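Report on the structure given below.
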Amino acid sequence: MAWNEAQKAEIIKAFFETGDSASVIASRYGCSRNAIIGLAHRHRARNGIAPQTRAAVGRSTHRKPQGKPTARPVTKRPALAIGKSAAFAAGRAGTAMLTKEFAAIGVRLLPLPPTARSVPLVELAAGECRFSVTPHHAGRDQHRFCGAPADGSYCAHHARLAHA
-19 MAWNEAQKAE IIKAFFETGD SASVIASRYG CSRNAIIGLA HRHRARNGIA PQTRAAVGRS
41 THRKPQGKPT ARPVTKRPAL AIGKSAAFAA GRAGTAMLTK EFAAIGVRLL PLPPTARSVP
101 LVELAAGECR FSVTPHHAGR DQHRFCGAPA DGSYCAHHAR LAHA
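Under our numbering, the first residue of the sequence shown carries the number -19, and numbering increases by one thereafter.
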């Protein structure tokens, strides 16, 4: 919409003096709310409102420490007690059962490392191997993962297999 200078002055005056919202003023003049807001921002100096300027760039009041950077303290994770828990024994028994079931249909499972537990996904904790030890077509309740201690996603044994 094209306005002349008199109309612009009237709109800006209405915006700053009456305190009406941009929506109300826009409906009064038959234009969009954003048109009124843009006009008001472009002509702020006419109404005694100083345009905003950026602050002069100077030194920050917050200084960085000048000393030598220090390393963060290393926190050691507790070692997992593999081979001594009931979960370990149950995992090994589950693996033996699955091996027999899959052997019956002609599927051979990959050998597990000695520290593997063969656990379902929901029982995996942080720092345990997420390598699938059952075929991809295993049922939802039959799908098992290694569960051995791992630094990343896989234990050392399965990392060699996955990244070979």
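The C-beta atom is built at its ideal place from N, Cα and C for all residues, glycine as well. Since we're looking at a predicted model, the values are computed, not measured.
Let me know if leucine 19 comes out buried or exposed under the rule of 16 or more other beta-carbons within 10 Å of its beta-carbon.
To locate residue 19, count along the sequence shown from 1; it is residue 39. When all chains shown are included, leucine 19 counts as buried.
With asparagine -16 as the anchor, note down where its alpha helix (DSSP H) starts and where it stops.
The count along the sequence shown starts at 1 and reaches residue -16 at position 4. Taken as a continuous stretch (DSSP letters only), asparagine -16 belongs to no alpha helix (DSSP H), as it is neither H nor E.
In the DSSP assignment, the alpha helix (DSSP H) including histidine 116 goes from what residue to what residue?
As a first step, residue 116 is located in the sequence shown; it is residue number 136 there, counting from the start. If you look at histidine 116, you'll find it isn't in any alpha helix (DSSP H); DSSP assigns it neither H nor E.
So, using beta-carbon positions, are alanine 84 and cysteine 109 closer together than 8 Å?
Counting from 1 along the sequence shown, the entry for residue 84 is found at position 104. Counting from 1 along the sequence shown, the entry for residue 109 is found at position 129. Between alanine 84 and cysteine 109, the C-beta gap is not smaller than 8 Å, which leaves the two residues out of contact.
With a 10 Å radius around its C-beta and 16 neighbouring C-beta atoms as the bar for buried, classify alanine -14 as buried or exposed.
For the purposes of this step, residue -14 is identified with residue 6 of the sequence shown, where counting begins at 1. Per the 10 Å Cβ criterion, exposed.
Compare the C-alpha of glycine 119 against each of Val54, Leu101, Phe(-4), Gln46 and name the closest.
Looking up residue 119 in the sequence shown gives position 139. The shortest Cα separation from glycine 119 among Val54, Leu101, Phe(-4), Gln46 belongs to Leu101.
Given that a residue counts as buried once 16 or more other Cβ atoms are within 10 Å of its Cβ, and exposed if not, what is valine 99?
Start at 1 with the first residue of the sequence shown, and residue 99 comes out as number 119. Burial call: buried.
Report back the beta-carbon spacing between histidine 138 and phenylalanine 111 to the nearest angstrom; my notes put them in contact at under 8 Å.
Walking along the sequence shown from the start, residue 138 turns up at place 158. Walking along the sequence shown from the start, residue 111 turns up at place 131. Contact flag correct, Cβ pair sits at about 4 Å.
Using only the alpha-carbon positions, how far apart do leucine 141 and threonine 50 sit?
If you number the sequence shown from 1, residue 141 lands on position 161. If you number the sequence shown from 1, residue 50 lands on position 70. Approximately 38 Å, taken between the alpha carbons.
Burial state of alanine 128, where buried means 16 or more other Cβ atoms lie within 10 Å
Residue 128 sits at position 148 when you count from the first residue of the sequence shown. When all chains shown are included, alanine 128 counts as buried.
Provide the residue span of the alpha helix (DSSP H) that contains histidine 137, from first to last.
For the purposes of this step, residue 137 is taken as the residue at position 157 of the sequence shown. Run containing histidine 137: 136 to 142, per the alpha helix (DSSP H) assignment.
Quick one: what's valine 99 bridged to in DSSP?
As a working note, residue 99 is residue 119 in the sequence shown. The partner list for valine 99 (beta bridge, DSSP) reads Phe125.
Return the chain-ordered list of same chain residues with a C-beta closer than 6 Å to the C-beta of lysine 64, the five sequence neighbours on each side being excluded.
Taking the sequence shown and counting its residues from 1, the one referred to as residue 64 is at position 84. Note on lysine 64: pLDDT 47, under 50, position unreliable in the model; no value is reported.
Please report the distance separating the alpha-carbon of alanine -11 from that of alanine -18.
Here the question's residue -11 lines up with position 9 in the sequence shown. Here the question's residue -18 lines up with position 2 in the sequence shown. Spanning the two alpha carbons is a distance of roughly 13 Å.
Determine the direct distance from the alpha carbon of alanine 2 to that of isoleucine 16, and round the result to whole angstroms.
Reading the sequence shown from its first residue, position 36 is the one you call residue 16. Reading the sequence shown from its first residue, position 22 is the one you call residue 2. Whole-angstrom Cα-Cα distance: 6 Å.
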